[in-house]
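See below for the structure under consideration.
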Amino acid sequence: MAEQKKLDTQALEYCIEMIGGKWKPIILFYISKGTNRFSKLILVIEGINRQMLSKQLKSLEKSGVIDRTLYPEIPPRVEYVLTSKGKSLLPVVHTMNRWGKKQYAVKTKTSEPPKNQQLPLF
Numbered sequence: 006m007a008e009q010k011k012l013d014t015q016a017l018e019y020c021i022e023m024i025g026g027k028w029k030p031i032i033l034f035y036i037s038k039g040t041n042r043f044s045k046l047i048l049v050i051e052g053i054n055r056q057m058l059s060k061q062l063k064s065l066e067k068s069g070v071i072d073r074t075l076y077p078e079i080p081p082r083v084e085y086v087l088t089s090k091g092k093s094l095l096p097v098v099h100t101m102n103r104w105g106k107k108q109y110a111v112k113t114k115t116s117e118p119p120k121n122q123q124l125p126l127f
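Plus 5 on top of the position in the sequence shown (first one is 1) and you've got the numbering used here.
Next up, the structure:
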């Protein structure tokens with residue numbers, strides 16, 4: 006039983022290492038939707054800066070989750086695609102997305118003041 010718990014913990018740690026943090030799941034989501042160039046990713050991912058995007062892309066590439074292709078053009082063009090390992094993570098990313106949408110909807114419903122109720126003036 007203790008060995009199974011250790012394996013479960015190691016498996017979760019490995020998954021978090023692959024896609025943990027604020028930005029990696031978002032990056033994977035957009036790459037899977039066809040946004041695969043740095044300039045496009047920086048536009049669609051709200052709140053990320055160039056340095057952080059570059060760092061996260063390098064980490065995902067080093068982990069074997071994405072492949073980077075540099076085209077010998079002027080100006081240079083770089084595209085990112087999911088590897089088979091990256092594609093295998095998509096069910097996790099999409100499940101996170103669905104869960105987040107549901108929870109966000111609940112959060113916004115409960116945080117709104119009831120309609121037709123006057124708020125205190127003090």
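Quick reminder that beta carbons are idealized off the backbone N, C-alpha and C, glycines included.
No experiment lies behind these values; they were computed from the predicted model shown.
C-alpha distance - residue i paired with residue j, whole-angstrom precision
i	j	result
residue 65	residue 40	15 Å
residue 58	residue 19	21 Å
residue 67	residue 110	35 Å
residue 52	residue 33	16 Å
residue 113	residue 102	16 Å
residue 6	residue 13	11 Å
Residue burial classification, residue i (beta-carbon count within 10 angstroms, cutoff 16)
i	result
residue 30	buried
residue 46	buried
residue 49	exposed
Per DSSP, the bridge partner or partners of residue i
i	result
residue 84	42 and 74
Cβ separation of residue i and residue j, assumed to be a contact under 8 Å, to the nearest whole Å
i	j	result
residue 83	residue 42	7 Å
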